[in-house]
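Here's the structure, in structure tokens; my notes come after.
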Amino acid sequence: MKKIVIRALSGAVYVGLIVASILCVGGKFFPLLCTVFALMAVFEFDRLVSAHSPRPDVVRIFDAILCVVPPLYLAVPVLVPAADIYITTFVVALLYAAVIMIRMIYTLYSREEHPVNSLAYTFLAIVYIALPLVLAATMSEHSVRYLLLLVFVMIWINDTGAFLTGTAFGRHRLYERLSPKKSWEGFFGGLVFSAATGFVAPLVLPQYLMLLNPLGGALLGVTVSVLATWGDLFESLLKRTAGVKDSGHIMPGHGGILDRIDSFLFVIPPVAILLFFI
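Residue numbers (the numbering used here): 18 to 295.
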């Protein structure tokens, strides 16, 4: 019983931080939350990829800088309201490029057993962690922040629907090699729950979701469900390769921050592409 209470409380704090950072003050604090998520996630990621081939601390610092700087840049207006956006952009871009170049040069002199693999993990961290979080932070600064919140809600409802359906009817394993508990029944249950959420949301909150109609919302729900499942499986692959159950222990009852945002990291890039370029 105590474990259930602890899990519920830590989950409530996590959800509360996300909802509050998106809805309060026009979403200006969400980039700051993404920065915190990026910092925690990159150290968990480094722990996973270093399980069988240890990486030096200096490499972990490079990874942290390269993953934290993009969302942190979008948090500058909150942290330093008087900052000139053009000068800030130029300086950040210059320093970011310099850090990437230094990281590549470091590989030439590294005494790691597999220095090129280590460098590849650095770029994977940028693509896997920094890119989705900076895209999400960008969305929070526009009127689409309500759609961003809906995506989070869809992921949570998809997880809940998959758990309930899988527990009740799960018989056929979805991908037993990576996630023995996942079932096809649970997957389709989560998909239906997510699609239903997308269908109903524009009807209930049309003033906040003007970009969506019920059909578009349902299709978004299906997309979120599929991508969220892939995101969860990808992190399961990282954990299975590292031989660990959880990516970390920062959230009691839930594991690490990667265990909570793994689905979101896969969902947000395609959603951002649809919003900004189509």
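Each residue gets a CB set at the ideal place from its N, CA and C atoms; glycine is no exception.
{"Query": "Start-to-end residues for the beta strand (DSSP E) that takes in Ser196", "Result": "196–200"}
{"Query": "Assigned exposure category for Cys41 - 16 Cβ within 10 Å defines buried", "Result": "exposed"}
{"Query": "Straight-line Cα distance separating Lys256 from Gly199", "Result": "Checking the sequence shown, residue 199 turns out to be Lys, not Gly. Using only the alpha carbons, I get a separation of about 16 Å."}
{"Query": "Cross-strand partners of Arg77 (DSSP beta bridge)", "Result": "In DSSP, Arg77 forms no bridge with anything."}
{"Query": "With 16 other Cβ atoms within 10 Å as the buried cut-off, status of Leu222", "Result": "exposed"}
{"Query": "Pro269, buried or exposed, once every other Cβ within 10 Å from all chains shown has been counted against 16", "Result": "exposed"}
{"Query": "Residue of Thr246, His271, Pro88 minimising C-alpha distance to Val315", "Result": "Shown here, the chain extends from 18 to 295; a query on residue 315 therefore has no answer."}
{"Query": "Nearest-angstrom beta carbon gap, Val209 and Gly248 [assumed within contact, 8 Å]", "Result": "With a Cβ gap of about 19 Å, Gly248 and Val209 do not count as contacting."}
{"Query": "Pair within 8 Å by beta-carbon distance, Ser27 and His271", "Result": "yes"}
{"Query": "Environment of Ala288 [buried if 16+ CB atoms lie within 10 Å]", "Result": "Strictly speaking, residue 288 in this sequence is Val, with Ala absent from that position. Val288 is buried by the Cβ-count criterion."}
{"Query": "Cβ pair count under 8 Å reaching 3, the stretch 185–197 against the stretch 160–175", "Result": "no"}
{"Query": "Among Phe216, Ser157, Ile278, the one whose alpha carbon lies nearest that of Asp234", "Result": "The sequence shown places Gly at residue 234, not Asp. The residue with the shortest Cα to Cα distance from Gly234 is Phe216."}
{"Query": "Residue burial classification, Arg128 (beta-carbon count within 10 angstroms, cutoff 16)", "Result": "exposed"}
{"Query": "Where the alpha helix (DSSP H) through Arg188 begins and ends", "Result": "Taken as a continuous stretch (DSSP letters only), Arg188 belongs to no alpha helix (DSSP H), as it is neither H nor E."}
{"Query": "Unbroken alpha helix (DSSP H) run spanning Leu111, endpoints", "Result": "102–126"}
{"Query": "The stretch 31–47 contacting the stretch 72–83, beta-carbon criterion three pairs below 8 Å", "Result": "no"}
{"Query": "Top-ranked residue by Cα proximity to His137, from Arg77, Tyr225, Lys45, Leu49", "Result": "One detail in the question is off: residue 137 reads as Ala in this sequence, not His. Checked all of Arg77, Tyr225, Lys45, Leu49; the closest Cα to Ala137 is Arg77."}
{"Query": "Helix, strand or coil at Gly272 [DSSP, three-state]", "Result": "strand"}
{"Query": "Euclidean distance between Cα positions of Ile278 and Glu61", "Result": "12 Å"}
{"Query": "Unbroken alpha helix (DSSP H) run spanning Val133, endpoints", "Result": "132–142"}
{"Query": "Option in Ala114, Val116, Val93, Ala115 with minimal Cα separation from Thr105", "Result": "Val93"}
{"Query": "Closest Cα partner of Val95 within the set Phe140, Lys45, Asn134", "Result": "Lys45"}
{"Query": "Cut-off 7 Å between Cβ atoms - residues of its own chain near Ile267, not counting five sequence neighbours on either side", "Result": "Met57, Gly273, Ile274"}
{"Query": "Given Val86 as reference, the closest of Leu167, Leu250, Val59 once Cα atoms are compared", "Result": "Val59"}
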